[in-house]
Structure formats: structure tokens, C-alpha cells
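So for the sequence shown, our numbering puts the first residue at 308; every next one is plus one. Note that the Cβ used here is the ideal one computed from N, Cα and C, for glycine as well. Data first, discussion second: the structure below is written as C-alpha cells.
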Amino acid sequence: MLIDTHCHLGDAAFDADRDVAVEAMRTAGVARAVVIESTLAKAAGTLDWVAQHAGLVLATGCHPHDASRWSPGTAAAVQGLWSEPLVRAAGEMGLDYHYDHSPREVQQRAFDEQAGLAVEAGLPLVIHAREADDDVVAILRGHPDATVILHSFSSGPVLRDAGLDAGWYFSFSGMVTFRSWSEGDTVRAVPADRLLVETDSPYLAPVPHRGRRNEPAYVREVAHGVAALRAEPVEQVIAFTGANAIRLFWPTDPEPVPEQ
């Protein structure tokens, strides 16, 4: 089953044709998708929209760019969203030292507190890590019971080795189709039962769609990229990444989504 485990369909880039993007996804044979909404002010509205489309579920949380807004009130609001049946993951959360939109110590505190709350809620953590691998690893090791998904993985050996040792999930995006991609060894090293595919749409459109808005329909190209790097049949990659996604996000409703 082909599943996009990370797409931002609530993004303004889809305002004109959000429903059309879902139709295109289905036409392309993409059975399900996890919609990420990290703008907390929009999360309730995005959840309402997700509820109108079979096969979609939501992940939400406080993005590291917005860590300065983390507060007891924000934590309570996030916990309220996490109690909704269609919210199946927490995040994306983590650390971003490339843009540093929030001070690093503020990012660290928000990430650590949010991770603890997500573990209490029984939700997997969708992790954003950019130029912050050592601190991401240190914080996640403080939550050994967390189910961790390293979103759009492109990090180096520190995070890779920690993730492999801990049994975390690695999610790969359209970057695996880029000529500049340098993490082929990681794609090959991840066990089949810990590998996911995503688009991160509207960003990171895979070849041959580079330069265009990315969308969930293009996750098949990501699966092809992973298959090429692992020297495995693409049907096999689609099967095991789909099974992993079902186990994480649809554990109680694994059957195929009926056509709408």
C-alpha cells in the first residue's frame, strides 16, 4: 500500500485546490496520507478538513520555528488536539539550528517538554532535525519509550547511528531522487521494518517534478528512488513502507480505504 507519511496539505500552497490534490493522490494510487499541521492556530481547521477525506489523518505539534510560543497554554492546546481520534502523531517537533527562528535553549525546552507529553499521550513523535543532531539525540535519549520518526532524513552519522541503534523510524523524501543526495548508505542501512516514504509537500518535489509544487501524488517517485538505492523491487518497497505506516498511524483500521 503506497502511503505518504508526511505532507502539508494545510499549507497555503494548496488553498486553491486542496481537494483536487487529494483526488490526484488517489488517481496516482496513493492510498493514504498523514497531514502535518505545525501551525497550531490552523490545526483545528485542518483537522476538520481531514475528517472529510477517508484515508487522511493528522499530526500536529509545535514546530521548532515556533518554539518561542511554547507555554503552558500552548501545551494544553496541543494536548487537546492530541486527544482527537484522527490525530495519530505529534509534531513535527525538534530542533532547527539552521534558521534559529527561536533561541536554541528555548527550542530545546519546548522539544523536551513536548516529547514527554507525546509519550504520555501514546503518540509517535515526528522529528524535525536540522544542523542540531547532537542535541536532538540527547533529548530523545531522555525519552526512551518514545516511538520516533526521523522526518525527511538527511542528517549525518550522529543521528543516523543513534536512530539505527534505538530502532527509530527513518522517513525519506524526494531528496533521494536528487543527484546531490549523499545518504544512499543510510537508505540501504535502515531495516525494512523501520523505513517510510514521504513527500514533505509542497516542498522537495522529487525528480522529475523538481521546480514544481510537490504533492502527495508524487510519493511514488520517492518509493522508486528508495528502491533504486536499495536495489529492491519498487513493489517490495511500497509493500513494506506501507505496512510500517499502517502500524504507526492506522493500527486499528488497517484495511484499504474504499473509493470515494
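- Item | 3 or more residues per run - each beta strand (DSSP E) lying fully within the region 482-550 | 502-504
- Item | Span of the beta strand (DSSP E), counted from its first residue to its last, around Ala374 | What you label residue 374 is simply residue 67 of the sequence shown in a count that begins at 1. No beta strand (DSSP E) holds Ala374; DSSP gives it neither H nor E.
- Applying the criterion that 16 or more other CB atoms from any shown protein chain within 10 Å of the CB defines a buried residue, is Leu393 buried or exposed? Here the question's residue 393 lines up with position 86 in the sequence shown. Exposed, because fewer than 16 other Cβ atoms sit within 10 Å of the Cβ of Leu393.
- Query: Name the DSSP bridge partner or partners of Cys369?
  - Reply: Start at 1 with the first residue of the sequence shown, and residue 369 comes out as number 62. Per DSSP, none; premise fails for Cys369.
- Could you name the residues that DSSP lists as bridge partners for Gly401? Position 94 of the sequence shown, counted from the first residue, corresponds to residue 401. According to DSSP, Gly401 bridges with His435.
- Message: Using 8 Å as the threshold, is the C-beta distance between Ile343 and Cys314 below it?
- Response: Here residue 343 corresponds to residue number 36 of the sequence shown, with the count starting at 1. Here residue 314 corresponds to residue number 7 of the sequence shown, with the count starting at 1. Taking 8 Å as the Cβ cut-off, Ile343 and Cys314 qualify as a contacting pair.
- Between the Cα of Gly398 and those of Arg467, Val341, Leu363, spot the shortest distance and give me the residue it belongs to. By 1-based counting over the sequence shown, the position of residue 398 is 91. Closest by C-alpha distance to Gly398, out of Arg467, Val341, Leu363, is Val341.
- Within 8 Å, strictly: CB atoms of Leu447 and Tyr476: On the sequence shown, residue 447 is found 140 positions in, with the first residue counted as 1. On the sequence shown, residue 476 is found 169 positions in, with the first residue counted as 1. Cβ atoms of Leu447 and Tyr476: not closer than 8 Å.
- Item | Which of helix, strand or coil DSSP assigns to Glu566 | What you label residue 566 is simply residue 259 of the sequence shown in a count that begins at 1. Any answer about Glu566 is weak, because its pLDDT of 45 lies below 50 and its placement is not dependable; what the coordinates show is given next. Here Glu566 sits in coil by DSSP.
- Could you give the distance in angstroms between the alpha-carbon of Leu347 and the alpha-carbon of Ser487? The sequence position of residue 347 within the sequence shown is 40, counting from 1. The sequence position of residue 487 within the sequence shown is 180, counting from 1. The alpha-carbon atoms of Leu347 and Ser487 are separated by roughly 34 Å.
- Can you list, in chain order, the residues of its chain whose CB lies under 8 Å from that of Val465, leaving out five sequence neighbours each side? Position 158 of the sequence shown holds residue 465. Hits under 8 Å: Asp440, Asp441, Val444.
- From this set, Ala546, Thr381, Thr454, which residue's C-alpha is nearest Leu309's C-alpha? As a working mapping, residue 309 is identified with position 2 in the sequence shown. Considering only alpha carbons, the answer is Ala546.
- Item | Pair within 8 Å by beta-carbon distance, Thr484 and Arg467 | Residue mapping note: residue 484 aligns to position 177 of the sequence shown, counting from 1. Residue mapping note: residue 467 aligns to position 160 of the sequence shown, counting from 1. In this structure, Arg467 does not lie closer than 8 Å to Thr484 by Cβ.
- Find out if the Cβ-Cβ distance for the pair Arg333, Trp557 is shorter than 8 Å. For the purposes of this step, residue 333 is identified with residue 26 of the sequence shown, where counting begins at 1. For the purposes of this step, residue 557 is identified with residue 250 of the sequence shown, where counting begins at 1. No, these two residues do not count as a Cβ contact at 8 Å.
- Query: Which value, in whole angstroms, describes the spacing of the CA atoms of Pro371 and Ala425?
  - Reply: Numbered from its first residue, the sequence shown carries residue 371 at position 64. Numbered from its first residue, the sequence shown carries residue 425 at position 118. Their backbone Cα atoms lie some 15 Å apart in a straight line.
- Item | C-alpha distance - Asp326 paired with Arg437, whole-angstrom precision | As a first step, residue 326 must be located in the sequence shown, where it is residue number 19. As a first step, residue 437 must be located in the sequence shown, where it is residue number 130. Taking the straight line from one Cα to the other gives about 31 Å.
- Item | Buried or exposed by the 16-neighbour rule on C-beta atoms within 10 Å, applied to Ala417 | Here residue 417 corresponds to residue number 110 of the sequence shown, with the count starting at 1. That one is buried.
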